[in-house]
Each structure stands twice: as structure tokens, then as C-alpha cells.
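Asks: There's a structure below that I have some questions on.
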Amino acid sequence: MKSVKDMVAAANEVVDHAPASELMDLHGQDGVTFVDLRDPRELEREGMIPGAFHCPRGMLEFWIDPDSPYAKPQFQTGNRFVFYCASGWRSALSAQIAQDMGLENVSHITDGFGGWKKAGGPIGEKPAKKA
């Protein structure tokens with residue numbers, strides 16, 4: 148049986164990644180979309196990177212695929228995508244899948260949102276759902 152740890156290591160061999168401290172300069176730049184993969188409860192509890200697009204991990208493939216009835220325009224922009232989760236495991240696997248699906252400029256934060264907070268990155272509240 149292949150462990151999750153092995154899968155994350157394999158993903159990190161084929162996708163760009165760096166700790167939060169090295170990716171913070173991308174925050175707020177035109178053409179860069181930060182993608183928060185965490186569960187909504189995590190966002191409620193801890194906040195998120197301001198301006199990040201929330202994509203629950205379970206919907207990623209469906210939201211990326213332009214032929215899916217669930218496709219989201221955020222993934223059709225041609226932007227650079229910086230994926231993150233709590234600690235960098237879900238984001239490693241997600242970045243690999245996104246890359247396999249054809250997104251070309253994909254990376255992930257290896258130390259996740261925890262690393263972002265530790266590095267002093269900005270944190271905002273989860274945006275309220277539009278009525």
C-alpha cells in the first residue's frame with residue numbers, strides 16, 4: 148500500500164513548491180490566484196489569505212474541468228495558481244492533479260496556512276456567502 152506521505156513526496160517531485168515565506172511576494176499580484184483547499188470549518192476557525200479563492204478539496208477536479216457542469220471561471224483565467232491547505236499535504240496532491248489536468252502555472256505552499264501565519268502573512272476572515 149502506498150502511504151499518503153509517499154504520495155505527497157511524489158507530488159513534490161513534479162510540482163513547483165516553496166514555503167510560505169518564499170511565496171508571500173506573489174500575494175496581491177495581478178495574474179496570481181491563491182487557492183484555499185481547506186474545509187469550510189477550517190476557514191471559519193482560522194481565517195484565510197485575503198483574496199484567496201476557496202475551492203473545497205473534494206470539488207477541485209470538477210471545478211477545474213471546463214467541460215464539467217461544475218466548472219468555475221476562476222480556473223479558466225490562465226493565472227498562476229498557488230494552492231494551500233493547513234500543512235501542505237492536500238495542496239501537494241491538488242497541485243499535481245491540477246497540473247495533470249492541464250493547468251500550466253501551478254505551485255503550492257509546502258508549509259501550508261500554518262507556515263503562512265508563522266511567516267507573518269496577512270490573514271482575513273472567510274468572506275460571507277452572497278445572498
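Using our numbering, you'd call the opening residue of the sequence shown number 148 and step up by one each time.
Beta carbons are placed, not taken as given, at the ideal position from N, Cα and C, and that holds for glycine.
State the CB to CB distance for the pair V229 and I211, rounded to an integer number of angstroms; the pair is presumed to be in contact (CB under 8 angstroms).
Replies: Their Cβ separation, rounded to whole angstroms, is 15 angstroms, which puts V229 and I211 out of contact at 8 angstroms.
Asks: Over what stretch of residues does the alpha helix (DSSP H) that includes A245 continue unbroken?
Replies: Taken as a continuous stretch (DSSP letters only), the alpha helix (DSSP H) holding A245 covers 236-247.
Asks: Alpha carbon to alpha carbon, how far is H201 from L207?
Replies: So the alpha carbons of these two residues sit roughly 10 angstroms apart.
Asks: What's the gap between the Cα of V161 and the Cα of Q246?
Replies: 9 angstroms
Asks: Could you work out which residue in F209, W236, C232 is closest to P187 when comparing CA atoms only?
Replies: C232
Asks: Which whole-angstrom value is the C-beta distance of L240 and M154, which I expect to be below 8 angstroms?
Replies: 6 angstroms
Asks: With a threshold of 7 angstroms on Cβ separation, who are the neighbours of K273 within its own chain once the five nearest residues in sequence on each side are excluded?
Replies: Correct list, in chain order: L190, E191, G194, M195.
Asks: What is the C-beta distance between L173 and V179, in whole angstroms, given that I count them as a contact (C-beta under 8 angstroms)?
Replies: 5 angstroms
Asks: Tell me the DSSP bridge mates of V229?
Replies: DSSP links V229 through a beta bridge to F181, S254.
Asks: Are the beta-carbon atoms of R227 and L184 separated by less than 8 angstroms?
Replies: No, they are not a contact pair.
Asks: Taking its Cβ as the centre, do 16 or more other Cβ atoms sit within 10 Å of Q176, making it buried, or is it exposed?
Replies: exposed
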